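For reference, the structure is listed below as C-alpha cells.
Number of protein chains: 2
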Amino acid sequence: MSNIVKEVLSANSSYAAEFGDKGNLPMPPGRQFAILTCMDARLDPAKYAGLAEGDAHVIRNAGGRASDDAIRSLVISYKLLGTREWFVIHHTDCGMETFTNEIMGDLLSGSLKTATVDADGWHDSNAGGGTTDGKYINWLTISDQAQSVLEDVQRIRNSPMVPGDIPIYGYIYDCKTGKLVEVPEATAAGRAR
Amino acid sequence: MSNIVKEVLSANSSYAAEFGDKGNLPMPPGRQFAILTCMDARLDPAKYAGLAEGDAHVIRNAGGRASDDAIRSLVISYKLLGTREWFVIHHTDCGMETFTNEIMGDLLSGSLKTATVDADGWHDSNAGGGTTDGKYINWLTISDQAQSVLEDVQRIRNSPMVPGDIPIYGYIYDCKTGKLVEVPEATAAGRAR
Chain A
96 MSNIVKEVLS ANSSYAAEFG DKGNLPMPPG RQFAILTCMD ARLDPAKYAG
146 LAEGDAHVIR NAGGRASDDA IRSLVISYKL LGTREWFVIH HTDCGMETFT
196 NEIMGDLLSG SLKTATVDAD GWHDSNAGGG TTDGKYINWL TISDQAQSVL
246 EDVQRIRNSP MVPGDIPIYG YIYDCKTGKL VEVPEATAAG RAR
Chain B
96 MSNIVKEVLS ANSSYAAEFG DKGNLPMPPG RQFAILTCMD ARLDPAKYAG
146 LAEGDAHVIR NAGGRASDDA IRSLVISYKL LGTREWFVIH HTDCGMETFT
196 NEIMGDLLSG SLKTATVDAD GWHDSNAGGG TTDGKYINWL TISDQAQSVL
246 EDVQRIRNSP MVPGDIPIYG YIYDCKTGKL VEVPEATAAG RAR
C-alpha cells in the first residue's frame with residue numbers, strides 16, 4: 096500500500112470517527128444549487144463558497160469547462176435532484192492556460208498505446224463507451240478566463256437540455272486572494288429567460 | 096441578487112479574509128495524486144480524504160464516472176501537472192442508481208428545445224463543440240456500485256492515453272458512516288503494469 100493510500104485512509108478514519116449525524120443527510124442538495132469549477136488542487140469549493148456536507152452539487156474537471164459531461168451532470172442535478180441555480184467558476188493561474196491542443200498531442204504521442212496523432216490532433220482508435228470513437232480530442236484549453244467563463248455559461252444556456260428558468264452565474268476565483276470575482280457579462284448571458 | 100449568491104459571496108469574503116499564505120501555493124498538486132468522485136452534495140472529498148488546499152486534483156461528475164471528460168482531466172493531471180496515483184470513488188445511495196436512460200429521456204422530452212427523443216434515446220440536434228452532434232446521450236447510470244467502480248477503473252486503465260505505470264485505486268464512500276471501503280477487484284484491475 097502506497098504512502099498516499101495510507102494517509103488517505105488514516106484521514107478518512109478520523110473523519111468517519113467524527114461523522115455525527117451526517118449519515119442522515121438526504122440525497123437532494125439542501126440549498127438547491129450546483130457549482131461547476133476546476134479540478135485545481137488549490138481550489139476547495141466547500142471552503143471558498145461556504146458549503147457544508149449536503150448543501151450543493153460540485154462538478155469539477157480540468158478548467159471547470161462546460162463539457163458535455165459537465166452538462167450531463169448539471170441536467171441530472173436539476174431534473175432529478177432539484178438544483179435551481181448554477182455557478183460556473185474558473186480561476187486565475189489555471190493550468191489550462193499553459194498549453195494547447197498541439198502541445199498535448201506532442202506530449203501524448205510518446206505514450207499512446209493504440210491511438211494516433213497527426214496534423215489534425217489526437218484520434219482514439221479504440222476508446223470504448225461509444226463516445227470518442229475516431230474523434231479528435233478537444234482538450235478545452237483556455238486563453239482568457241473571463242472569455243472562457245462567458246463561453247461556458249453560454250454553452251450551458253444554449254443546451255437544448257437546459258431549461259430557461261435556471262440562472263447561471265459566472266465567476267473567477269483568484270488563487271492569490273481566495274476571492275470570487277464576478278464576470279458580469281457571463282452572469283448576464285446566463286440569466287433566466 | 097439571489098439569497099444563494101449573497102450567502103456564497105459572504106462565505107467567500109470570510110474565507111478570503113483568513114486566506115493567509117495560501118496565495119503562494121504552486122499549481123502542481125503537492126501530494127501528486129488525483130481523486131475522481133461523485134458530485135453528490137453529501138460528499139466532501141477534501142474532508143473525507145484529508146486534503147488541504149494545494150494537495151490533490153479533485154474531479155467530480157454525476158456518479159464519479161470515468162467519462163471521456165474525466166479521462167481528459169486525468170491525463171492533463173498526469174502529463175502536465177505530475178500526479179502519479181489516482182482514486183476512483185463512487186458512493187452508497189447514489190442518485191445514479193435511481194433512474195435509467197429511458198427515464199431520463201422521458202423527463203427531458205418535455206423540456207427540450209431542439210433535441211428529439213425517440214426509441215433510441217436522446218439526440219442533440221444542435222450541441223456545439225463538435226462533441227455530441229447527433230449522438231445518443233449515455234447518462235452513465237449505475238446499478239451496482241462495486242461493478243461501476245470496477246468498470247471505471249478498467250476504462251481508465253484501458254485508455255490509450257493513460258500510461259501503464261500509474262496505479263488506480265477503487266473505493267466506495269459510505270454515506271451512512273463517512274468511511275471509504277476498498278473495492279479490491281477494482282484496485283487489482285488498476286494496478287500499475
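In order, the protein sequence lines correspond to chains A and B.
Be aware that the first sequence starts at 96, since it is given in the working numbering, and climbs by one per residue.
Be aware that the second sequence starts at 96, since it is given in the working numbering, and climbs by one per residue.
Positions of the beta carbon are idealized from the N, C-alpha and C atoms, including for glycine.
Because the structure is a prediction, the values reported are computed rather than measured.
Under 8 angstroms Cβ-Cβ, which residues of chain A neighbour residue i?
i, result
"B:E148", "A136, R137, L138, D139 and K142"
What does residue i reach in chain B if we use C-beta pairs closer than 7 angstroms?
i, result
"A:R126", "I99"
"A:H154", "The sequence shown places Ile at residue 154 of chain A, rather than the His named in the question. Within chain B, the residues near A:I154 are M134, R155 and N156."
"A:L120", "R137"
"A:A151", "A136"
Does the beta carbon of residue i sit closer than 8 angstroms to a beta carbon anywhere in chain B?
i, result
"A:T272", "yes"
"A:S172", "yes"
"A:E280", "no"
"A:I232", "yes"
"A:T209", "The pLDDT assigned to A:T209 is 47, lower than 50, so where the model puts this residue is not dependable; a value taken from the coordinates is nonetheless given after this. Yes, A:T209 lies at the interface with chain B (some Cβ there is under 8 angstroms from its Cβ)."
Chain A partners of residue i, CB-CB under 7 angstroms?
i, result
"B:W181", "Under the 7 angstroms cutoff, chain A gives no residues; its nearest Cβ is about 10 angstroms from B:W181."
"B:G162", "The amino acid at residue 162 of chain B is misidentified as Gly; the sequence shows Ser. By Cβ distance, chain A contributes D164."
"B:S168", "M134, N156 and A157"
"B:T187", "Simply none; closest approach about 10 angstroms."
Can you tell me the Cα-Cα spacing of residue i and residue j, whole angstroms?
i, j, result
"B:W181", "B:L146", "14 angstroms"
"B:Q127", "A:T187", "21 angstroms"
"B:Q249", "A:A136", "25 angstroms"
"A:H270", "B:S108", "Residue identity check: residue 270 of chain A is Cys in the sequence provided, not His. Cα to Cα, A:C270 sits roughly 14 angstroms from B:S108."
"A:I99", "B:R288", "19 angstroms"
"A:T195", "A:Q240", "15 angstroms"
"A:A163", "B:D164", "Reading off the sequence, residue 163 of chain A comes out as Asp, not Ala. A:D163 and B:D164: Cα-Cα distance of roughly 8 angstroms."
"B:M191", "B:S105", "32 angstroms"
"B:T193", "A:A283", "34 angstroms"
"B:L176", "A:E102", "21 angstroms"
"A:L202", "B:Q242", "32 angstroms"
"A:V278", "A:R286", "13 angstroms"
"A:D116", "B:L138", "14 angstroms"
"A:T132", "A:D247", "11 angstroms"
"B:R179", "A:G200", "20 angstroms"
"A:E197", "B:M256", "15 angstroms"
"B:D260", "B:S254", "13 angstroms"
"B:F114", "A:G118", "30 angstroms"
"B:S204", "A:M96", "48 angstroms"
"B:P262", "A:P262", "40 angstroms"
State yes or no: is the beta carbon of residue i nearer than 8 angstroms to at least one beta carbon in chain A?
i, result
"B:Y106", "Note that residue 106 of chain B corresponds to Ala in the displayed sequence, not to Tyr. Yes, its Cβ sits closer than 8 angstroms to a Cβ of chain A."
"B:G225", "Here the model assigns B:G225 a pLDDT of 32, short of 50, so the residue's position is not dependable and the matter cannot be decided."
"B:G190", "yes"
"B:E197", "no"
"B:V244", "no"
"B:R288", "no"
"B:G229", "In this predicted model, B:G229 has a pLDDT of only 36, less than 50, meaning its place in the structure is not dependable enough to derive any value."
With the cut-off set at 8 angstroms, would you say residue i and residue j are in Cβ contact?
i, j, result
"A:I251", "A:I166", "yes"
"B:A151", "B:P123", "no"
"B:V276", "B:Y264", "no"
"B:I171", "A:A281", "no"
"A:L245", "A:R160", "no"
"B:P258", "B:Y173", "yes"
"A:A141", "B:A141", "yes"
"B:I232", "B:C189", "no"
Residues of chain B with CB under 9 angstroms from residue i, in chain order?
i, result
"A:A241", "In chain order: nothing, as chain B lies at least about 18 angstroms away."
"A:V248", "In chain order: nothing, as chain B lies at least about 13 angstroms away."
List the residues of chain B that residue i touches, going by C-beta distances under 8 angstroms, in chain order.
i, result
"A:L202", "K174 and L175"
Can you round the beta-carbon distance between residue i and residue j to whole angstroms, since I take them to be within the 8 angstroms contact cut?
i, j, result
"A:I184", "B:M134", "Not quite, the Cβ-Cβ distance comes to about 14 angstroms (not below 8 angstroms), so this is no contact."
"B:L120", "B:E148", "6 angstroms"
"A:G273", "B:Y110", "5 angstroms"
Who are the neighbours of residue i on chain A, taking C-beta pairs under 9 angstroms?
i, result
"B:A111", "Y143, D269, T272, G273, K274 and L275"
Can you determine whether any heavy atom of the ligand NAP sits closer than 7 angstroms to the C-beta of residue i, and answer yes or no?
i, result
"A:A106", "Here there are no bound small molecules, and the ligand NAP is not part of this structure."
Would you say residue i lies against chain E (beta-carbon separation less than 8 angstroms)?
i, result
"A:D150", "Absent here is chain E; the protein component of the structure consists of chains A and B."
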